[in-house]
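In our numbering, the protein residues as written are 77 to 402. We put the CB at the ideal spot given by N, CA and C, even for glycine. The structure appears below as structure tokens.
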């Protein structure tokens, strides 16, 4: 008698079912979310329905951290890169190039994307909120309370802030708002919250330049008892190395204001970290300098794409410019 093996293909669980499996919601919650999803798609004439996880976050049935953790655990996450391509916001080749440059420059993908100016801040804000239910905002919207500094550095020390590019922004009652620079930071915030369950942690996406600025505000001139703030022998402080590794290519300086402003912010921050005092806003003069430098180098080398970077010499900071290789 011949043995017969009957195989059955088991469909992978959907995101809502995974959340039920993890004990975060009830089966009835999925039905309610699906009903809302159907109505939203119909009323807004959407090509792609709103993600179930985001609907559940709107209903306060789960947190963005819960949703990210479960989807990450079961390899169900949609990355920013994939979302940009699937929503026809950028081509696959462009996304791949930005991703590669982001890794080479040790710069978060979100900030690299904005620096290129290929997507507006408004569109990026909407994309990030649709994917992770977390806003993207500049830190200029917040006022840091110096009285909270010592308490905050006990929760997130200097070393882990540098390692993860995460920084505390606001402490109110028992809630702490953290600025994060990329989605993977959500997992780190979850681990941190497990260590300090007496607090409620919230997150906000911020530009990397804002992270560097807030890092200096929070950790400079602060005694951090959890970690020695002095660098290891022969080790360059991480915030300086990140600034010095930054590069930006500019083809039309009169149109690329965002790239010039990013370069200026990092230039001024590097000046202060090198021991120079903070000074008044020099962005207009800096902008004129970049335009003139670009014009001079372009005329000499017949190449419109000029790469700008920063160089530290003692306490002074210099702007380095070279034509990009063709």
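Legend entry - Residue burial classification, residue 209 (beta-carbon count within 10 angstroms, cutoff 16): Here residue 209 is buried. Its C-beta has 16 or more other C-beta atoms within 10 Å.
Inset, instruction - Write down the C-beta distance between residue 187 and residue 257 rounded to the nearest angstrom, noting that I regard them as a contact closer than 8 Å. - result: Right, the Cβ-Cβ distance comes to about 7 Å (below 8 Å), so this counts as a contact.
Legend entry - Contacts around residue 230, its chain only, beta-carbon distance under 6 Å, and the 5 residues preceding and following it disregarded: Once the five neighbours on either side are set aside, residue 230 has no close Cβ partner at all.
Legend entry - Segment contact flag, the stretch 261 to 269 with the stretch 192 to 203, C-beta cutoff 8 Å, min 3 pairs: No, the stretch 261 to 269 does not touch the stretch 192 to 203.
Legend entry - Presumed contact (8 Å Cβ cut-off) between residue 279 and residue 191, rounded CB distance: Actually they do not touch by this definition, with Cβ atoms about 22 Å apart.
Inset, instruction - Since I believe residue 317 is in contact with residue 326 (beta carbons under 8 Å), could you give me their beta-carbon distance rounded to a whole number of angstroms? - result: For residue 326 against residue 317, the beta-carbon gap comes to about 23 Å, at or over 8 Å, which does not count as contact.
Legend entry - In DSSP terms, what residue 139 is bridged to: Residue 139 pairs with nothing; no bridge assigned.
Inset, instruction - Report the residue from 380, 241, 328 and 376 whose alpha carbon sits nearest the alpha carbon of residue 363. - result: Nearest option by C-alpha distance: 328.
Legend entry - Cβ neighbour criterion (16 or more within 10 Å) applied to residue 392: So residue 392 ends up on the exposed side.
Legend entry - Spatial neighbours of residue 405 in its chain, beta-carbon cut-off 6 Å, leaving aside the 5 residues before and after: In this structure the chain extends from 77 to 402, so residue 405 is not present and cannot be described.
Inset, instruction - Using three-state DSSP, classify residue 184 as helix, strand or coil. - result: Of the three classes helix, strand and coil, the one that applies to residue 184 here is coil, per DSSP.
Legend entry - Given residue 133 as reference, the closest of 243, 337, 150 and 113 once Cα atoms are compared: Relative to the Cα of residue 133, the nearest Cα in the group 243, 337, 150 and 113 belongs to 113.
Legend entry - Range covered by the beta strand (DSSP E) that runs through residue 395: Here the beta strand (DSSP E) through residue 395 covers 392 to 399.
Inset, instruction - Can you give me the Cβ contacts of residue 28 inside the same chain, cut-off strictly under 7 Å, excluding the 5 residues immediately before and after it? - result: Nothing can be reported for residue 28: it is not among the residues displayed for the chain, which extend from 77 to 402.
Inset, instruction - Measure the C-alpha to C-alpha separation of residue 221 and residue 340 and round it to an integer number of angstroms. - result: Taking the straight line from one Cα to the other gives about 26 Å.
Inset, instruction - Identify every residue that forms a DSSP beta bridge with residue 211. - result: None; residue 211 has no bridge partner.
Legend entry - Distance between residue 90 and residue 375 (C-alpha atoms, nearest Å): Taken atom to atom, the span from the alpha-carbon of residue 375 to that of residue 90 is near 58 Å.
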